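K.L.:
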Amino acid sequence: MKLFFTGCTHFAHANIIRLANRPFVNVDEMNEALVERWNAKVGKNDRVYHLGDVGWNSVTPWMERLNGEKVIITGNHDDPAEMRKLGHWCGVKEITNYLEIAVGGGRLVLFHYPIDDWNGRWKGSIHLHCHTHSPNFRNANLPRVDDSALSLPDNFPPDIHCNRFNVGVDANGFEPVALEEIIDAAISKGDR
């Protein structure tokens, strides 16, 4: 099972095309492109962490077409009643407003909003967010303590050059981002 991360899909939200300067003619074209790009990258047995703002009104028609098991970290546009329905019909395994997951000996902190400080930030944990609709995947790195003071797990990147990423669709070609892409970008000094 591969892990993927995404957010701010805004299914059925026509105004987001203008507000976020998305390259779609209309909401139907956007919805179809989001489904096609998701399914081209995510397999049926993969897991996708969606970091909120799933869509506008009823999102079931699109969510039920998406590959993979889904975990939703709710955003400011997510209706709680609508999110509960997804658990019954669309392969959603968990709905929460904040989540930390252990991966490869390290930790990812998942929250809809970008934050300046998070659990384990000084020990190499990585924060994933969306919300901003920025086209930038990498955020300005937040400073770390002197590397000699760190005690990073052996399996996590020992030299993290970026520790906060925007996994929203506007920054990632309107498709989910694989865990491997995030780890590679975290240890790379250049752009993705």
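Residues 823 to 1014 (my numbering) are what the sequence shown spells out, left to right. Yeah, the Cβ is synthetic: ideal placement off N, Cα and C, and Gly gets one too. Quick caveat, the model's predicted, so the values are computed rather than measured.
State the Cα-Cα distance for the pair Asp992 and Ala842, rounded to the nearest angstrom.
P.N.:
Locating residue 992 in the sequence shown gives position 170, where the first residue counts as 1. Locating residue 842 in the sequence shown gives position 20, where the first residue counts as 1. Each residue's alpha carbon lies about 8 angstroms from the other.
K.L.:
Does the beta-carbon of Val847 have 16 or more other beta-carbons within 10 angstroms, so that it is buried, or is it exposed?
P.N.:
Residue 847 sits at position 25 when you count from the first residue of the sequence shown. Exposed: under 16 other Cβ atoms inside 10 Å.
K.L.:
Note down the Cα distance separating Pro965 from Pro883, rounded to an integer number of angstroms.
P.N.:
Walking along the sequence shown from the start, residue 965 turns up at place 143. Walking along the sequence shown from the start, residue 883 turns up at place 61. Its pLDDT being 49, under 50, Pro965 is placed unreliably in this model, and the coordinates cannot settle the point.
K.L.:
According to the neighbour-count rule (16 or more other Cβ atoms, all chains shown, within 10 Å of its Cβ), is Ile1009 buried or exposed?
P.N.:
Taking the first residue of the sequence shown as position 1, residue 1009 is located at position 187. So Ile1009 counts as exposed.
K.L.:
Given a cut-off of 7 angstroms on the beta-carbon distance, is the pair Gly909 and Glu891 in contact?
P.N.:
Working through the sequence shown from its first residue, we reach residue 909 at position 87. Working through the sequence shown from its first residue, we reach residue 891 at position 69. Cβ atoms of Gly909 and Glu891: not closer than 7 angstroms.
K.L.:
I need the boundaries of the beta strand (DSSP E) containing Glu922, first residue and last residue.
P.N.:
As a working mapping, residue 922 is identified with position 100 in the sequence shown. Unbroken beta strand (DSSP E) run through Glu922: 921-925.
K.L.:
Using the three-state DSSP reduction, which class does Ile1004 fall into: helix, strand or coil?
P.N.:
Looking up residue 1004 in the sequence shown gives position 182. In the structure shown, Ile1004 sits in a helix (DSSP, three-state: H, G or I).
K.L.:
Pick helix, strand or coil for Val914, following the three-state DSSP scheme.
P.N.:
Here residue 914 is taken as the residue at index 92 of the sequence shown, counted from 1. It is a strand residue.
K.L.:
Where does Phe978 land, buried or exposed, given buried means 16+ other C-beta within 10 angstroms?
P.N.:
In the sequence shown, counting from the first residue as 1, residue 978 sits at position 156. Residue placement at Phe978 is flagged as unreliable, the pLDDT there being 46, under the threshold of 50; the coordinate-derived value follows with that caveat. Burial call: buried.
K.L.:
Return the bridge partner residues of Val999 from the DSSP annotation.
P.N.:
Residue numbering aside, residue 999 sits at position 177 when the sequence shown is read from its first letter. Partner(s): Phe827.
K.L.:
Count Cβ pairs between the segment 948-959 and the segment 927-938 that sit closer than 8 angstroms; are there 3 or more?
P.N.:
Three or more beta-carbon pairs drawn from the segment 948-959 and the segment 927-938 are found closer than 8 angstroms, and the two stretches are therefore classed as touching.
K.L.:
Assuming Lys824 and Ala1000 are in contact, meaning their beta carbons sit under 8 angstroms apart, how far apart are those beta carbons, in whole angstroms?
P.N.:
Translated into the one-based positions of the sequence shown, residue 824 becomes position 2. Translated into the one-based positions of the sequence shown, residue 1000 becomes position 178. With a Cβ gap of about 6 angstroms, Lys824 and Ala1000 count as contacting.
K.L.:
Quick check: the Cα distance between Asp976 and Val881, rounded to an integer number of angstroms?
P.N.:
Here residue 976 corresponds to residue number 154 of the sequence shown, with the count starting at 1. Here residue 881 corresponds to residue number 59 of the sequence shown, with the count starting at 1. Its pLDDT being 43, under 50, Asp976 is placed unreliably in this model, and the value from its coordinates should be taken loosely. Those two C-alpha atoms are separated by around 41 angstroms.
K.L.:
Is the Cβ-Cβ distance between Pro957 and Val870 less than 7 angstroms?
P.N.:
Along the sequence shown, one-based indexing puts residue 957 at 135. Along the sequence shown, one-based indexing puts residue 870 at 48. No, these two residues do not count as a Cβ contact at 7 angstroms.
K.L.:
Compute the Euclidean distance between the alpha carbons of Asn985 and Trp940, then round it to the nearest angstrom.
P.N.:
Reading the sequence shown from its first residue, position 163 is the one you call residue 985. Reading the sequence shown from its first residue, position 118 is the one you call residue 940. Their backbone Cα atoms lie some 11 angstroms apart in a straight line.
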